[in-house]
Amino acid sequence: MGRFQVIALELIGTAQALVADDKGLLAMDESNPTCNKRFAALGIPQTEEARRSYRELIVTTPGLGESISGVILYDETIRQKTKDGTPFLKIIADAGLIPGIKVDEGAKDLAGQPGEKITEGLDGLRERLEEYAQMGARFAKWRAVIAIGHGIPSRGCVEANAQALARYAALCQEAGLVPIVEPEVLMDGNHAIERCFALTEEVLRMVFEELYGQQVMLEGMILKPNMVLPGLTCPEQATVDEVADATVKCLLRAVPAAVPGIAFLSGGQSGELASARLNAMNVRFSKQLPWALAFSFARAIQQPALEIWRGREANVLLAQNALGYRAKCNRVARQGNYPAAMEGE
Ligand code: 5MM
Numbered sequence: 007m008g009r010f011q012v013i014a015l016e017l018i019g020t021a022q023a024l025v026a027d028d029k030g031l032l033a034m035d036e037s038n039p040t041c042n043k044r045f046a047a048l049g050i051p052q053t054e055e056a057r058r059s060y061r062e063l064i065v066t067t068p069g070l071g072e073s074i075s076g077v078i079l080y081d082e083t084i085r086q087k088t089k090d091g092t093p094f095l096k097i098i099a100d101a102g103l104i105p106g107i108k109v110d111e112g113a114k115d116l117a118g119q120p121g122e123k124i125t126e127g128l129d130g131l132r133e134r135l136e137e138y139a140q141m142g143a144r145f146a147k148w149r150a151v152i153a154i155g156h157g158i159p160s161r162g163c164v165e166a167n168a169q170a171l172a173r174y175a176a177l178c179q180e181a182g183l184v185p186i187v188e189p190e191v192l193m194d195g196n197h198a199i200e201r202c203f204a205l206t207e208e209v210l211r212m213v214f215e216e217l218y219g220q221q222v223m224l225e226g227m228i229l230k231p232n233m234v235l236p237g238l239t240c241p242e243q244a245t246v247d248e249v250a251d252a253t254v255k256c257l258l259r260a261v262p263a264a265v266p267g268i269a270f271l272s273g274g275q276s277g278e279l280a281s282a283r284l285n286a287m288n289v290r291f292s293k294q295l296p297w298a299l300a301f302s303f304a305r306a307i308q309q310p311a312l313e314i315w316r317g318r319e320a321n322v323l324l325a326q327n328a329l330g331y332r333a334k335c336n337r338v339a340r341q342g343n344y345p346a347a348m349e350g351e
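Counting in our numbering, the sequence shown runs from 7 upward without gaps.
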């Protein structure tokens, strides 16, 4: 078997493992500015040591591997160690978790298009991917951000972000890393759910056109999209079942069957709502879908734990319980048993 065939088989195996056994991903790849923002809101010091302690709390959560297949790390985190000097990567491997790494360099203002963003990070990406692969990462993540507003997004914004996602994904596969392709249509705004549906479909169609153009192997990637939701300030909010129906209908139109898994971002939804919506999709549609419907949540898994921890050593165990609980809720949601299976816990 040639080198490229071996890499292809490894990519397919990793992509399938990331969505196997009803598990999902835990995104703990907040960049330092984002992590500091979350800490500041709770009065936690915004230091490298506080970020390290918090990430140690996460990766040492007992039983995390029962619900989580892989963790998405950030450049600072992948190099860190526990207080007793054990590399996080070893803790992660011992817990049976697959390590991944966020490789985009953030969403920056798009030239000449107020309110729109383009994700940067392609320069030097080949070399960075090689380093991460050597460290043990098996997948990567890149997030594109699309805002809905008056006159936006422009076609240019969607095209530029879709093309960057595809170029990133091709480089990942060349390096033997499974690309998590994350085009996020934001929840902010007062738009109706129909607008989010139409735009999410347009964005996904464009992303898959670009992925095809860059010869990305769909069997060796994971899509990380938003759910189809009304804007946060839309007067007409949708029921859990309406969100499930709209999201699955949209994905069926735009996501090829060759993709092994779709792992949603939570985007600012509460943990309960994100689990309930994921549950409804799996209850109503899982038997008819070509791909697994999984999760890749950050806030919807981490937020209760962060609020309990607040930077205090004495709160670590309780915070880990909260983190493990929300992770389990989402595994149960993949099985279509949420919240019934969680009662009494
Ligand atoms: C949308 O954000 C991703 C998923 O998190 P949520 O489930 O909370 O929506 C998340 O992985 C995000 O990409 C990282 O936190 C990195 O964010 P920044 O803004 O720091 O690049």
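A virtual CB, placed ideally from N, CA and C, is assigned to each residue, including glycine.
Check: Delimiting residues of the alpha helix (DSSP H) encompassing Ile199; Outcome: 199-219
Check: Near ligand 1: Glu190 beta-carbon under 7 Å from a heavy atom; Outcome: yes
Check: Contact test: Phe303 Cβ vs ligand 1 heavy atom, cutoff 7 Å; Outcome: yes
Check: Cβ-based neighbour list, Leu128, same chain, cut-off 7 Å, excluding 5 preceding and 5 following; Outcome: Ala170, Arg173, Tyr174
Check: Strand pairing of Asp115, partner residues [DSSP]; Outcome: Lys123
Check: Touch test, the stretch 44-56 against the stretch 20-28, Cβ-Cβ under 8 Å, three pairs minimum; Outcome: no
Check: Best match in Ala298, Asn288, Arg290, Gln308 for proximity to Gln275 [C-alpha to C-alpha]; Outcome: Gln308
Check: Lys108 Cβ short of 7 Å to ligand 1 heavy atom set; Outcome: yes
Check: Neighbourhood of Ile107 by C-beta, 6 Å cutoff - its chain only, sequence neighbours within 5 removed; Outcome: Leu79, Ile84, Tyr138, Ala143, Ala146
Check: Continuous alpha helix (DSSP H) assignments of at least 4 residues falling wholly in the stretch 262-343; Outcome: 277-291, 305-315, 322-340
Check: CA-to-CA distance, Ala311 to Gly330, given in whole angstroms; Outcome: 9 Å
Check: Runs of alpha helix (DSSP H) wholly within the stretch 19-93 (minimum 4 residues, chain order); Outcome: 38-47, 54-65, 81-84
Check: Boundaries (first-last residue) of the beta strand (DSSP E) holding Glu190; Outcome: 184-191
Check: heavy atom of ligand 1 below 7 Å from Ile78 C-beta; Outcome: yes
Check: Test item: CB-CB of Val261 and Asn232 under 8 Å; Outcome: no
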